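Here the structure is laid out as structure tokens; the discussion comes afterwards.
2 protein chains.
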Amino acid sequence: MKNISMKHLAKALNLSTATISKALSDSYDISDETKQRVLKLARELRYIPHAQASSLRGKKSKTIAMVIPEVADSYFAQAINGVEKIAYADGFHVLIYLTHEQLEREKAILKELLNGRIDGLLISVTRQSEEAYHINELVAAGLPVVFFDRIFENIGRGEVTTNDYRASYLLTEHLIQQGCRNIDFLLFSNALSIIKTRLEGYKQALLDYGLIFNTENLIVCSNHDQENERLIQYRLGHKNRPDAIIASVEKLVICTYHACALKHLSIPETIKIAAFANLPTASILQPPMTTITQPAFEMGQAAASLLIKTIKGKSVDPAETKVIIPSKLDLRKSTMLYTT
Amino acid sequence: MKNISMKHLAKALNLSTATISKALSDSYDISDETKQRVLKLARELRYIPHAQASSLRGKKSKTIAMVIPEVADSYFAQAINGVEKIAYADGFHVLIYLTHEQLEREKAILKELLNGRIDGLLISVTRQSEEAYHINELVAAGLPVVFFDRIFENIGRGEVTTNDYRASYLLTEHLIQQGCRNIDFLLFSNALSIIKTRLEGYKQALLDYGLIFNTENLIVCSNHDQENERLIQYRLGHKNRPDAIIASVEKLVICTYHACALKHLSIPETIKIAAFANLPTASILQPPMTTITQPAFEMGQAAASLLIKTIKGKSVDPAETKVIIPSKLDLRKSTMLYTT
DNA sequence: TATATTTACTTAATCGATTACGTAAAGCTA
DNA sequence: TAGCTTTACGTAATCGATTAAGTAAATATA
Numbered sequence: 001m002k003n004i005s006m007k008h009l010a011k012a013l014n015l016s017t018a019t020i021s022k023a024l025s026d027s028y029d030i031s032d033e034t035k036q037r038v039l040k041l042a043r044e045l046r047y048i049p050h051a052q053a054s055s056l057r058g059k060k061s062k063t064i065a066m067v068i069p070e071v072a073d074s075y076f077a078q079a080i081n082g083v084e085k086i087a088y089a090d091g092f093h094v095l096i097y098l099t100h101e102q103l104e105r106e107k108a109i110l111k112e113l114l115n116g117r118i119d120g121l122l123i124s125v126t127r128q129s130e131e132a133y134h135i136n137e138l139v140a141a142g143l144p145v146v147f148f149d150r151i152f153e154n155i156g157r158g159e160v161t162t163n164d165y166r167a168s169y170l171l172t173e174h175l176i177q178q179g180c181r182n183i184d185f186l187l188f189s190n191a192l193s194i195i196k197t198r199l200e201g202y203k204q205a206l207l208d209y210g211l212i213f214n215t216e217n218l219i220v221c222s223n224h225d226q227e228n229e230r231l232i233q234y235r236l237g238h239k240n241r242p243d244a245i246i247a248s249v250e251k252l253v254i255c256t257y258h259a260c261a262l263k264h265l266s267i268p269e270t271i272k273i274a275a276f277a278n279l280p281t282a283s284i285l286q287p288p289m290t291t292i293t294q295p296a297f298e299m300g301q302a303a304a305s306l307l308i309k310t311i312k313g314k315s316v317d318p319a320e321t322k323v324i325i326p327s328k329l330d331l332r333k334s335t336m337l338y339t340t
Numbered sequence: 001m002k003n004i005s006m007k008h009l010a011k012a013l014n015l016s017t018a019t020i021s022k023a024l025s026d027s028y029d030i031s032d033e034t035k036q037r038v039l040k041l042a043r044e045l046r047y048i049p050h051a052q053a054s055s056l057r058g059k060k061s062k063t064i065a066m067v068i069p070e071v072a073d074s075y076f077a078q079a080i081n082g083v084e085k086i087a088y089a090d091g092f093h094v095l096i097y098l099t100h101e102q103l104e105r106e107k108a109i110l111k112e113l114l115n116g117r118i119d120g121l122l123i124s125v126t127r128q129s130e131e132a133y134h135i136n137e138l139v140a141a142g143l144p145v146v147f148f149d150r151i152f153e154n155i156g157r158g159e160v161t162t163n164d165y166r167a168s169y170l171l172t173e174h175l176i177q178q179g180c181r182n183i184d185f186l187l188f189s190n191a192l193s194i195i196k197t198r199l200e201g202y203k204q205a206l207l208d209y210g211l212i213f214n215t216e217n218l219i220v221c222s223n224h225d226q227e228n229e230r231l232i233q234y235r236l237g238h239k240n241r242p243d244a245i246i247a248s249v250e251k252l253v254i255c256t257y258h259a260c261a262l263k264h265l266s267i268p269e270t271i272k273i274a275a276f277a278n279l280p281t282a283s284i285l286q287p288p289m290t291t292i293t294q295p296a297f298e299m300g301q302a303a304a305s306l307l308i309k310t311i312k313g314k315s316v317d318p319a320e321t322k323v324i325i326p327s328k329l330d331l332r333k334s335t336m337l338y339t340t
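In order, the protein sequence lines correspond to chains H and S. Quick note on UniProt numbering: the first sequence kicks off at 1 and runs consecutively. Quick note on UniProt numbering: the second sequence kicks off at 1 and runs consecutively.
Below is the structure:
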């Protein structure tokens, strides 16, 4: 990997590296003739400026990090897409780090990110993250941090979320209107801000429609698919079994469908199913599933834009630092009223 | 972002930066006492070595790039997972670049990667990539390149693939055994090595079972879902309509299911469907779909391992540079013989 | 005791690009 | 023509970490 450096160009043209540098950046105090000569040779020798060197000198790496819980989840995959689009357009590079929902891993990753490698950070925290000490450290050091989806409020330089509360409310309302009276809510840990919000929207809808929220309706799942499947099956065997299930997380969709199949409960006749999910296959499931589709791509774009603006030191209107992009309620057969 | 540098430590301890550097790297010619003092202060001041500076000096960035066509595809999402796992364990950072299946974008991205930013490259080429000139340039410059899934043969330092030929053969054989005699094969462009291989496996199975391959059986799709859906629908309205469809790419599954639904052809009674796909939802589709599941995670891991070994300069046994990890044929209802 | 070796550092160069500052030559003004 | 400005470049420092080479003091060897 012996690349052409400015030194090579300088020697070949009998100039100093300073002149080369200025010529390449089109500085006013280099003659047009010299600029042409430098550019020509640079092209011929395929000169490529050395990233680390410029970074070191210029105190900017043109790189941002995206720290997310996982990637094999449609939401995050689409969010990456949005981030990459904006970053690429602005000449930024994107580092990906996966926490696998583990706080310790999140801490370890962030600790390394204060080393000049990145100019800014996009993060969606783990389910275990309850306090923001480790993130605050980066913020305190002056690193621009933008949260998306799973946020800590008022810590970083921006937050991009969706209207989880309202979406959840609307979905619950829809189920009630389809005749459901005993709606279960599947969730992981309720520490996560978005899950809390979704839960509240759900509860409020129940309240507004005169339904009673029962703690039995809350099914707290773990990271183990099989265990979750058993948990849901058990609940479906209950005498007071639900007539609808809302999966607050995409990951829980598959075990829910499986559990219903194993218990021979037909969707939507006996039980209705809906989920917060970005599954491209939602429309070809058995039956097609009603989802709250989060604007993952758009959220990724918004978060990246906000971060890059901040990095560039543009004054960002405080009103712009909290972006909320609405989710879409996609009604499908899994929640349709069954009329004989 | 004013971080603590070695200079700070040096001044505080009345030592030279050289001593600090050596103390931190536990060099033999620094006294234990001094090492302790340095380490203690470094910890107290939360000294973090500056990545660009070490990179510049040490000619290594501890970063690899992963260039893939897209991320909102289960295969690549899972592959990222595998890559990140290995990279993280070895202290490597992962840059993500999306080509969106555009050769021009691929070229533009690669051009930038010769700037010292990365120590190695993992790539799965676009559907448009027919010649490897742009990749060869990196290889010629000495950058370790490992291909995975979509490869150019014998160019880089390694190739990680799956047994597409055999998997395709087995799937086709399975369909024939289920009574199919007119099997369509959906594909994008046939320039792509893996698609070619899959196509050959399919053709060979037809041949071995005395079936005739007809060019009508080849449906060449584009990047537009709606157009593809129409294409398939049209084919399904044909007098010689297929009794089975193999989607050689995950992306084509949804339009295939939709087209069948719109034409009121029931799966698997009237038509059988199978696909090369890593959809986690395959088991809850309507009906559950037979898939060839590629070992995406494992392939990501293998590719990253191979790349990192090469970067570290370990002599890699030539036999190890071509890794083939078998796919799994997951039989489900969508291809099951329908018996009344 | 004179010399050799070891110990524990420091000096200074280096990686490659950038930039404040310096300067020689040319051009301009009075 | 003396003095000023402009043009077009070079010198050297800098970013932060690393390392070959140098050195003074302490210790060991003959």
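Idealized CB from N, CA, C, for every residue including glycine. Keep in mind the model is a prediction, meaning the values are calculated, not measured.
Member of the options whose CA lies at the smallest distance from the CA of residue i
i	options	result
Ala261/H	Pro287/H, Ser248/H, Pro280/H, Leu279/H	Pro287/H
Leu199/S	Asn278/S, Gln226/S, Tyr165/S	Tyr165/S
Arg332/S	Leu236/S, Val323/S, Thr290/S	Thr290/S
Tyr75/S	Val253/S, Asp29/S, Pro295/S	Pro295/S
Thr301/H	Ala79/H, Ser21/H, Val67/H, Lys40/H	In the sequence on display, residue 301/H carries Gln and not Thr. The candidate whose alpha carbon is nearest that of Gln301/H is Ala79/H.
Ala167/H	Gln204/H, His134/H, Ala140/H	Gln204/H
Lys309/H	Lys40/H, Ala23/H, Asp119/H, Ala247/H	Asp119/H
Lys60/H	Gly237/H, His93/H, Ala42/H	His93/H
Ile267/S	Thr281/S, Leu285/S, Glu153/S	Leu285/S
Ala191/H	Ser5/H, Gln128/H, Asp208/H, Asp330/H	Gln128/H
Ile183/H	Leu265/H, Ile195/H, Tyr202/H	Tyr202/H
Ala304/H	Ala259/H, Val145/H, Ala244/H, Leu207/H	Val145/H
Leu279/H	Ile271/H, Thr270/H, Ile292/H, Glu269/H	Ile292/H
Lys196/H	Gly210/H, Val220/H, Gln233/H	Val220/H
Ala140/H	Gly82/H, Ile155/H, Lys314/H	Ile155/H
Ile325/S	His264/S, Phe148/S, Ser222/S, Thr335/S	Phe148/S
Glu320/H	Leu307/H, Lys328/H, Lys312/H	Leu307/H
Ser327/S	Asp317/S, Glu298/S, Met336/S	Glu298/S
Tyr209/H	Ser25/H, Thr172/H, Gly82/H	Thr172/H
Lys312/S	Val67/S, Thr63/S, Lys107/S	Thr63/S
Asn163/H	His134/H, Val323/H, Tyr47/H	Val323/H
Contact belief for residue i with residue j at Cβ below 8 Å, rounded distance in angstroms
i	j	result
Ser189/H	Ile151/H	Wrong, their Cβ atoms sit about 16 Å apart, outside the cutoff.
Ala65/S	Tyr88/S	Contact doesn't hold; Cβ gap of about 15 Å is too wide.
Glu250/S	Asp73/S	6 Å
Leu45/S	Leu13/S	Not confirmed; about 11 Å, so no contact.
residue 362/H	Leu252/H	Given that chain H is displayed from residue 1 to residue 340, the structure contains no residue 362/H and the question cannot be resolved.
Gln52/S	Gln52/H	5 Å
Ala247/H	Thr256/H	5 Å
residue 345/S	Gly237/H	Nothing about residue 345/S can be reported from this structure: the residues present for chain S run from 1 to 340 only.
Ile30/S	Thr19/S	6 Å
Ala282/S	Ala77/H	Contact flag wrong, Cβ pair sits at about 17 Å.
Glu229/H	His264/H	With 8 Å as the limit, Glu229/H and His264/H do not qualify as a contact, their Cβ atoms being about 15 Å apart.
residue 400/H	Leu211/H	With chain H covering 1 to 340 only, the question about residue 400/H has no answer from this structure.
Within the segment 124-181 of chain H, note down every full beta strand (DSSP E) run reaching 3 residues or more, in order along the chain. Runs of the beta strand (DSSP E) inside the segment 124-181 of chain H: 145-148, 158-162.
Could you tell me whether the segment 208-228 of chain H touches the segment 267-280 of chain H, where touching means 3 or more Cβ pairs closer than 8 Å? The segment 208-228 of chain H vs the segment 267-280 of chain H: no contact.
Using a Cβ cut-off of 7 Å, which residues of the segment 113-124 of chain S contact any Cβ in chain H, in chain order? If you check each beta-carbon in the segment 113-124 of chain S against every beta-carbon of chain H, the ones closer than 7 Å belong to Leu114, Asn115, Gly116, Arg117.
Enumerate, from N- to C-terminal direction, the unbroken alpha helix (DSSP H) stretches of 4 or more residues contained entirely within the segment 69-115 of chain S. Segments of the alpha helix (DSSP H) lying fully in the segment 69-115 of chain S: 74-89, 103-112.
Short-range partners of chain S found in the UniProt domain "HTH lacI-type" (4-58) of chain H, where Cβ spacing is below 7 Å: Hits within the stretch, in order: Ile48, Pro49, His50, Ala51, Gln52, Ala53, Ser55, Leu56.
Contact between the segment 95-107 of chain H and the segment 154-162 of chain H (3+ Cβ pairs under 8 Å): In this structure the segment 95-107 of chain H does not lie against the segment 154-162 of chain H, because fewer than three pairs of beta carbons, one per stretch, are closer than 8 Å.
contact_flag[the segment 104-111 of chain S, the segment 114-134 of chain H] where n(CB pairs < 8 Å) is 3 or more: Verdict: no, contact absent.
Near-chain H residues of the segment 86-100 of chain S (beta-carbon distance less than 8 Å), N- to C-terminal order: Those residues of the segment 86-100 of chain S placed with their C-beta closer than 8 Å to a C-beta in chain H are Tyr88, His93, Val94, Leu95, Ile96, Tyr97, Leu98, ordered along the chain.
Selection of the segment 285-301 of chain S by Cβ proximity to chain H, strictly under 7 Å: Against chain H - using a Cβ distance shorter than 7 Å - the residues of the segment 285-301 of chain S are Leu285, Gln286, Pro287.
Along the segment 257-268 of chain S, what residues have a CB closer than 9 Å to any CB found in chain H? When C-beta distances to chain H are compared with 9 Å, the residues of the segment 257-268 of chain S below that value are Tyr257, His258, Ala261, in chain order.
Contact list for the segment 218-248 of chain H against chain S, Cβ threshold 7 Å: From the segment 218-248 of chain H, no residue has a Cβ closer than 7 Å to chain S.
Return the chain-ordered ranges of every alpha helix (DSSP H) run that is complete within the UniProt domain "HTH lacI-type" (4-58) of chain H and spans a minimum of 4 residues. Runs of alpha helix (DSSP H) with 4 or more residues, each lying fully within the UniProt domain "HTH lacI-type" (4-58) of chain H, are found at 6-13, 17-24, 32-44, 51-58, listed in chain order.
Let me know the alpha helix (DSSP H) ranges lying completely inside the segment 196-240 of chain H, each 4 residues or longer, listed in chain order. Listed in chain order, the complete alpha helix (DSSP H) runs (minimum 4 residues) inside the segment 196-240 of chain H are 225-237.
Ordered list of alpha helix (DSSP H) runs contained in the segment 280-336 of chain H, each at least 4 residues: Fully enclosed alpha helix (DSSP H) runs of 4 or longer: 296-311.
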